[in-house]
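Chains as they are written, first to last, in this note's numbering: chain A, 1 to 265; chain B, 266 to 512.
Below: the structure, in structure tokens.
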């Protein structure tokens, strides 16, 4: 299961309009960026996980996020050790917990070491859940209906699709080189980076080849982004779509007002 | 003297992530020196089984042995010495600046000796001697295909897996691949040939393992397989008749 791969299920989240889903999920992401509250971030994570289970893709969702565990761990450690170098954080309130060599671990650093990975988790998991429950085609239509210029919507959609295709190609090339005795898990850091050259070079060649193929395919079909586009499927907004849209927008406005009023951080 | 098993697949279950099972309790054995056709409809689990034998995937349950050793306990270099794998579209693996370096990549990885001699020998066998100093990116598709085959055979593995080697090949490469399989058989190598092409399977293989929906539906001698219409039909080698098409 790849990160963000569409999973076909018959659930309410699959059925709702791509636009309302996009607005609601985008609101969660924006809120997690602006609101600096640990409990709120935990709530967002739980909300996304909960939504994934109501969409009947919970297991697949959690499984596909397994791969980013080390990224979150890395972010946590970096923030714990280096947050003091930030110019935008007031460090005077921090209570020193321990000193490890040149690093000082304090209460504020510890909070950031939890908050930042949570924000990264939200930033990755929300689009993941969106694409697990929305086809690329529906995503493009949603963007167009939200008045995003067609050429931009098409490009976003194509890029999202290419990520999956290129991910497949990367795996195939990696397997082919391992089959020829390439051992990626041995040696020091530099050696390990060097060992990736036999994967990166064919991957770049294949990517350029793929782009060229798409270019030819678009030309053959006389693709003209300026031409007015019509869609075979026309979805109308149902009651649940309106609820989701207003819930997203109103929650975001409410949270931002609280933040501006100084009620929450 | 009885020959030992080159490959033994023991009650293997496999699935990608949390998806449905791709292989369900698959067990089979391949004797050393046999050329086995691994057949079945698209999505039946042929490539997955081949990748498990090569150690590129790990079974969820069960165990795979090559020459009596557990694949799960071997590292990629040890497996590469024993098992060669020619992928579908093998030209995608090319990255070196010269054909020589591309062919020598595998032997260098697994620490073989006499690399220069080995590369020259295999290049001669595949008609690539005059291309050794050329960039592989400047070769024709057919020549790239031969470079990819050479880069697998140069490691002199005892087991060779060929995953649809004739897919999209011109007549020259097709006959070359057929000749290579015959040569490997003569040299006593164990070959696992994944293919949908009866013209290739019929003269080349000694045994057949047929998969359908992740399970083995036939395992035995080539002659028995080609005489069994029911099995041939179930794995897609016999087309539907007009009556069935209408229904």
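A virtual CB, placed ideally from N, CA and C, is assigned to each residue, including glycine.
Taken in chain order, the complete alpha helix (DSSP H) segments of 4 or more residues contained in the stretch 25-56 of chain A are 38-54. With a minimum length of 3 residues, the unbroken runs of beta strand (DSSP E) contained wholly in the stretch 72-110 of chain A fall at 96-100 and 103-106. Closer than 8 Å to the CB of residue 276 of chain B there is not a single CB belonging to chain A.
For the options B:371, B:354, B:352 and B:353, the alpha carbon positioned closest to that of residue 361 of chain B is the one of B:371.
In the three-state reduction of the DSSP assignment, residue 475 of chain B falls in the strand class, which pools E and B. Below the 7 Å Cβ cutoff, chain A contributes 173, 176, 177 and 202 as neighbours of residue 358 of chain B, in chain order. Look at the stretch 176-199 of chain A: the residues with a C-beta under 9 Å from a C-beta of chain B are 176, 177, 178, 179, 180, 181, 182, 183, 184, 185, 186, 197, 198 and 199.
For residue 318 of chain B, the closest C-alpha among the options B:427, B:411, B:363 and B:412 is that of B:427. Secondary structure remark: continuous alpha helix (DSSP H) runs of at least 4 residues inside the stretch 317-393 of chain B, in chain order: 341-347, 364-374 and 380-390. No residue range can be given for residue 286 of chain B, since it is assigned to no beta strand (DSSP E) and is classified by DSSP as neither H nor E. For residue 296 of chain B, DSSP records a beta bridge to B:270. A Cβ of chain B is located within less than 8 Å of the beta carbon of residue 63 of chain A. With contacts defined as CB atoms closer than 8 Å, residue 255 of chain A and residue 31 of chain A qualify as a contacting pair. Put simply, the CB of residue 206 of chain A is near chain B, with a gap under 8 Å to one of its CB atoms. Residue burial is scored here from C-beta neighbours: residue 126 of chain A has at least 16 other C-beta atoms within 10 angstroms and is therefore classed as buried. If you draw a straight line from the Cα of residue 20 of chain A to the Cα of residue 13 of chain A, it is about 10 Å long. Remark: C-beta atoms of residue 277 of chain B and residue 291 of chain B approach each other more closely than 8 Å. Residue 342 of chain B places its beta carbon less than 8 Å from that of residue 183 of chain A. C-alpha of residue 44 of chain A to C-alpha of residue 250 of chain A: approximately 16 Å in a straight line. Residue 397 of chain B and residue 173 of chain A have their C-alpha atoms some 22 Å from each other. With a threshold of 8 Å between beta carbons, residue 308 of chain B makes no contact with chain A. Between the stretch 313-327 of chain B and the stretch 279-299 of chain B, the count of Cβ pairs shorter than 8 Å is three or higher; the stretches touch. Just measuring C-alpha positions, the residue of A:80, A:111, A:165 and A:86 sitting nearest residue 99 of chain A is A:80. The C-beta distance from residue 351 of chain B to residue 414 of chain B rounds to 6 Å, short enough to fall under 8 Å.
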